[in-house]
Amino acid sequence: MERPTFSEHWHRISRLTARLRSDAQVTRQRTHGERWWVVRDPGTNGFVRISEPAWGFVGLLDGRRTVAEAWERACERFGDDAPTQTEAIQALAQLYTANLLLSDLPGDARALFERAGKRRKRQVSQGMMGFLFFRVPLFDPNDLLGRWLPIGGLAFTAFGFMAWCVLVLLGMNAIVQDWQRFASGVWDVLAFENLALLYVAIAGVKFLHELGHGFACRKFGRVEGTGGQVHTLGVMFLVFVPIPYVDASSAWGLRSKWRRAAIGAAGMYVELAVAAVAAMVWAGTSSGVVNSIAYNIVFVAGVTTILFNANPLLRYDGYYILSDLIEIPNMQQRGSRELHHWVKRLVWGVRNSVGVARTGLERAFLLVFACLSGPYRIFVGLVIALFVSQSIPFVGVVIALATLVVFLVVPVGRFLAHLFTSHEIERERGRALVTTGVILGAVVVAVAGVPVARWATIDGVVEPRVQSPVYAREAGFLEWVRVSGEHVIEGETLGRLEHRGLLEERASVLGELNEARALYDAALAEDAARAAIVAGRVAALRERLEALDERVRMLEMSAIVGGRWYAPDVDERTGAYVQRGEPVGMVYSDGDFVLRGVVLQNEAGAVLGQFAMHGALAAEARSAAMSGKVIRASLVEAAPVGVRGRRDGFVDVGAGSDGDEGEERRFEVKFEIEDDAPNWMRAGMSVKVRVRLEREPLGVQWSRALWQLLLRRSGGEV
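Sequential numbering of the sequence shown, starting at 522, is according to the numbering used here.
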């Protein structure tokens, strides 16, 4: 890394005298084999991290020696490793900004207060910018945590860790043993009627999460003798939802990176233990309030930990854990500075720009992190806005706008301000403006004017071309049905219904017929006229018995054609009452399939428009059950649902075109498989069908998707 020795700003500070504040606390740390010094302000709990050569320079500032004299002595002591003038200025600026440096500037005390006031204003500004996430301090929990540390600290001992492992394994086993029931309830968590229980779970879990950070900080602080102070407990509003938090930033003063990482992970450590207990409670209780709360706790501890706390791209626990373990502090800020450095150096031609990375590996990591974290924060903000808009549309729109302003508009504004006003690029401003304009123009042209591949994805299902639905020809209880998927021949019995009333009626009629026949035989020998009357009754009873026999035969369902029997819900329906004419299953021919799917109206315009224009559209289908397998197909038929009349196929078409006026219209589409059907294909198999559409610029595609999203959220009124 290039380190220019001299700075053009040196003359501004070289004659100043300065010294550290007497109450500043200093801790030594080792990072990547290098020694660093962490200076803490006990009043504000702020930290400054300084390299050993820079600390050697700062340590020479005693309030009498000038900055220039201290720097010259540092150069004599450290040689080539001594801080450059730029690095010395940066170290002094860090200490000065953190109120850790006392200097002989005129009106120093007044400047100190002004500086503190500016920082408070900046914090308020950041609170306004952090519209989605802002904090309100409540009280100092340090003494309370210290009194309970003998109990709370047990979780962070070897015995506590072993108990934690056993607890988590038991919790995982409880979920695995009843996985189907657990997975089926995930979407119910987000239902409106569950929101109250969900918030109770969030508040309780997050309170224990923050206690974990607090106890761990106090525990490991005492181990190292740094105190591990925790002076703030408050409420953070996460998208208007109040959640507890503690300020455990004193962990920065610990020398061991493993202990610092352990403090960062302590909250998730406690969450997983709580989730394990909740999982066992959920598995051992029946439906009710306790069962629901336990399920919500497991959901909160799992989902929020993965999406937020454990994710290093957001500045939560995972970010600080990774920062400590790889020994790269301030990853977000330093990543942005490193990315900006390479833009200035390679694009704008600022040769004296100096990056913050000390090694090639650190440089690569910071650049990748900077490129990923910004877009991911925008993505998370928009997903939250989309979720909130389902219940509170206006608030969702406000959150979306705030996300774009905070993470997109403001950074772009700062970038442009730097581009037009920075003294650092004054000599290369012309090149910077031209290259930036060219790059932005190229991006605009690429997004708005260059057509790219475009696909529409449709949920579909495999259907046989020839299928013979099997209906219940008589009402009754489903006594038994053949196993779905078996091969059957024409006339083979597929199932049987039970109708005791019908059988009892047949037995009664048969008894009456036998009695009438006996009367007929007796009357035939005695009275021919009476025998003729009885003969009419015998004939009527025989016809009635034949009709009942036919109904009894219809209790059995037989295959009209040979093929494969399909009845996916046979286990659930066995023993259930079946109405006459109700479908039970179907027989279909193997090896000759088509694909069918349903397209919603807001997605159908492009698909059906190009289908009408070209007569057929190329498509690709993939099945989740056979990952990597691709089926080539063509869209050959499309019509509004309900136009074809009754269909008892494999596709759930939903409401017909004549449904409620407010419902979205649906279109049923059919795809022909171009090659022979693969041998792994089965009727009823779900597939994702991608229809190739005409190429369009990304800007057109994104604007259409946004417009359709707004239409759906507003009920079609935009």
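In this text, a Cβ means the ideal position worked out from N, Cα and C, and glycines have one as well. In this text, all values refer to a predicted model and were calculated from it rather than measured experimentally.
- Message: Across the stretch 703-722 and the stretch 736-752, are there enough close Cβ pairs to call them in contact, namely three or more that are closer than 8 Å?
- Response: no
- Shortest alpha-carbon distance to GLY970 belongs to which of LEU1040, LEU670, ALA539, TRP1223? Here residue 970 corresponds to residue number 449 of the sequence shown, with the count starting at 1. For GLY970, the nearest C-alpha among the options comes from TRP1223.
- Item | Span separating the alpha-carbon of GLU945 from that of GLN854 | Within the sequence shown, the letter at position 424 stands for residue 945. Within the sequence shown, the letter at position 333 stands for residue 854. One C-alpha to the other measures close to 19 Å.
- Rounded straight-line distance, which links the Cα of GLU1067 to that of ASP1048: For the purposes of this step, residue 1048 is identified with residue 527 of the sequence shown, where counting begins at 1. For the purposes of this step, residue 1067 is identified with residue 546 of the sequence shown, where counting begins at 1. Computed Cα separation, rounded: 28 Å.
- Message: Could you tell me the alpha carbon to alpha carbon distance between LEU893 and LEU834, rounded to whole angstroms?
- Response: As a position in the sequence shown, residue 893 is number 372, starting the count at 1. As a position in the sequence shown, residue 834 is number 313, starting the count at 1. If I take the Cα positions, the gap works out to 7 Å.
- Shortest alpha-carbon distance to GLN550 belongs to which of TRP773, LYS1191, HIS1008, GLU590? Along the sequence shown, read from residue 1 onward, the residue named residue 550 stands at position 29. Ranking the options by Cα distance to GLN550, first place goes to TRP773.
- What number of angstroms, rounded off, separates the C-alpha of VAL1119 from the C-alpha of GLY674? Taking the first residue of the sequence shown as 1, we reach residue 1119 at position 598. Taking the first residue of the sequence shown as 1, we reach residue 674 at position 153. Near 58 Å, if we compare the C-alpha coordinates of GLY674 and VAL1119.
- Query: What's the C-alpha gap between VAL1212 and VAL819?
  - Reply: Indexing the sequence shown from 1 puts residue 1212 at position 691. Indexing the sequence shown from 1 puts residue 819 at position 298. Their backbone Cα atoms lie some 39 Å apart in a straight line.
- According to the Cβ coordinates, are VAL1030 and ARG1003 closer than 7 Å? Residue mapping note: residue 1030 aligns to position 509 of the sequence shown, counting from 1. Residue mapping note: residue 1003 aligns to position 482 of the sequence shown, counting from 1. No; because the gap between Cβ atoms is not below 7 Å, this pair is not in contact.
- Would you check if there are 3 or more beta carbon pairs closer than 8 Å linking the stretch 588-595 to the stretch 788-800? no
- Message: Short of 8 Å in beta carbon distance, which residues of its chain neighbour ILE780, apart from the five on each side in sequence? Order them along the chain.
- Response: The residue labelled residue 780 in the question sits at position 259 within the sequence shown. In the sequence as displayed, the identity of residue 780 is Arg instead of Ile. PHE741, VAL744, GLU745, ALA772, listed in sequence order.
- Message: Would ARG1216 and ARG975 be called neighbours here (beta carbons separated by less than 7 Å)?
- Response: Position 695 of the sequence shown holds residue 1216. Position 454 of the sequence shown holds residue 975. Yes, these two residues count as a Cβ contact at 7 Å.
- Query: Taking the Cβ atom as the reference point for each residue, do VAL1190 and ALA1142 lie within a distance shorter than 7 Å?
  - Reply: Locating residue 1190 in the sequence shown gives position 669, counting from the first residue. Locating residue 1142 in the sequence shown gives position 621, counting from the first residue. Cβ atoms of VAL1190 and ALA1142: not closer than 7 Å.
- Grab me the residues of GLY997's own chain with a C-beta within less than 8 Å of its C-beta, minus the 5 sequence neighbours each way, in chain order. Here the question's residue 997 lines up with position 476 in the sequence shown. Closer than 8 Å at the Cβ level, and outside the excluded window around GLY997, lie LEU1018, GLU1019, HIS1020, LEU1023, LEU1076, TYR1098, VAL1099.
- Query: Taking the C-alpha atoms as reference points, what is the distance between ALA1060 and SER1110?
  - Reply: As a first step, residue 1060 is located in the sequence shown; it is residue number 539 there, counting from the start. As a first step, residue 1110 is located in the sequence shown; it is residue number 589 there, counting from the start. Roughly 44 Å between the two C-alpha positions.
- DSSP beta-bridge partners of GLU1193: In the sequence shown, residue 1193 corresponds to position 672, counting from 1. In DSSP, GLU1193 forms a bridge with VAL1115, SER1155.
- Assign SER1079 to one of three DSSP states: helix, strand, or coil. The residue labelled residue 1079 in the question sits at position 558 within the sequence shown. It is a strand residue.
- For LYS1150, which of GLY958, TRP1201, VAL547, THR806 has the nearest alpha-carbon? Here residue 1150 refers to the residue found at position 629 when the sequence shown is read from its first residue. Minimum Cα distance to LYS1150 is reached at TRP1201.
- Excluding sequence positions up to five away, which residues of its chain have a Cβ less than 6 Å from the Cβ of ASP602? Reading the sequence shown from its first residue, position 81 is the one you call residue 602. The residues are PRO574.
- Is the beta carbon of VAL821 less than 7 Å from the beta carbon of ILE723? As a first step, residue 821 is located in the sequence shown; it is residue number 300 there, counting from the start. As a first step, residue 723 is located in the sequence shown; it is residue number 202 there, counting from the start. Result yes, Cβ atoms of VAL821 and ILE723 sit closer than 7 Å.
- The alpha helix (DSSP H) enclosing LYS740, as first and last residue numbers: As a working note, residue 740 is residue 219 in the sequence shown. From DSSP, the alpha helix (DSSP H) with LYS740 extends over 716-745.
- Task: Can you tell me which of ASP1092, LEU1214, LEU659 puts its alpha carbon nearest to the alpha carbon of MET1134?
- Result: Along the sequence shown, read from residue 1 onward, the residue named residue 1134 stands at position 613. Of ASP1092, LEU1214, LEU659, the residue nearest in Cα terms is LEU1214.
- Residue environment, GLU1103, which counts as buried when at least 16 other CB atoms sit within 10 Å: Locating residue 1103 in the sequence shown gives position 582, counting from the first residue. Exposed, because fewer than 16 other Cβ atoms sit within 10 Å of the Cβ of GLU1103.
- Message: According to DSSP, simplified to helix, strand and coil, what is GLN1222?
- Response: Numbered from its first residue, the sequence shown carries residue 1222 at position 701. Looking at GLN1222 - three-state DSSP - the assignment turns out to be helix.
- Query: So what does DSSP say about TYR766, is it helix, strand or coil?
  - Reply: The residue labelled residue 766 in the question sits at position 245 within the sequence shown. Here TYR766 sits in strand by DSSP.
- Query: Name the DSSP beta bridge partners of TRP1086, please?
  - Reply: As a first step, residue 1086 must be located in the sequence shown, where it is residue number 565. In the DSSP output, where bridge partners are listed per residue, TRP1086 has VAL1108.
- Between the Cα of LEU793 and those of SER808, PRO658, ASN830, spot the shortest distance and give me the residue it belongs to. Counting from 1 along the sequence shown, the entry for residue 793 is found at position 272. That would be ASN830, whose Cα lies nearest to the Cα of LEU793.
- Message: Considering only the alpha carbon of each residue, which of ALA1044, ASN1035, ALA1053 lies closest to LEU1062?
- Response: The residue you call residue 1062 lines up with position 541 of the sequence shown. Nearest C-alpha to LEU1062: ASN1035.
- Helix, strand or coil for THR587, going by three-state DSSP, please let me know. Reading the sequence shown from its first residue, position 66 is the one you call residue 587. Residue state, collapsed to three classes: strand.
- Query: Which residues in the same chain have their Cβ closer than 7 Å to the Cβ of ALA796, if we skip the five residues on either side of it in sequence?
  - Reply: Numbered from 1 along the sequence shown, position 275 holds the residue referred to as residue 796. Cβ neighbours of ALA796 beyond the five flanking positions: GLY692, ILE818, VAL819, ALA822, GLY823.
- Query: Between the stretch 524-538 and the stretch 601-616, do three or more beta carbon pairs fall short of 8 Å?
  - Reply: yes
- Query: Would a C-beta distance cut-off of 7 Å place THR526 and THR618 closer than the cut-off?
  - Reply: By one-based count along the sequence shown, residue 526 stands at place 5. By one-based count along the sequence shown, residue 618 stands at place 97. No.
- Given 8 Å, three or more beta-carbon pairs between the stretch 1125-1133 and the stretch 1083-1096: no
- Straight-line CA distance for LEU1015 to VAL1073? As a first step, residue 1015 is located in the sequence shown; it is residue number 494 there, counting from the start. As a first step, residue 1073 is located in the sequence shown; it is residue number 552 there, counting from the start. The alpha-carbon atoms of LEU1015 and VAL1073 are separated by roughly 15 Å.
- Task: For HIS861, name the three-state secondary structure that DSSP assigns.
- Result: Taking the first residue of the sequence shown as position 1, residue 861 is located at position 340. If DSSP states are grouped into helix, strand and coil, HIS861 belongs with the helices.
- Option nearest VAL767 by Cα separation, candidates LEU688, LYS727, ALA938, VAL918: The residue given as residue 767 occupies position 246 in the sequence shown. Checking every option, the nearest Cα to that of VAL767 belongs to LYS727.
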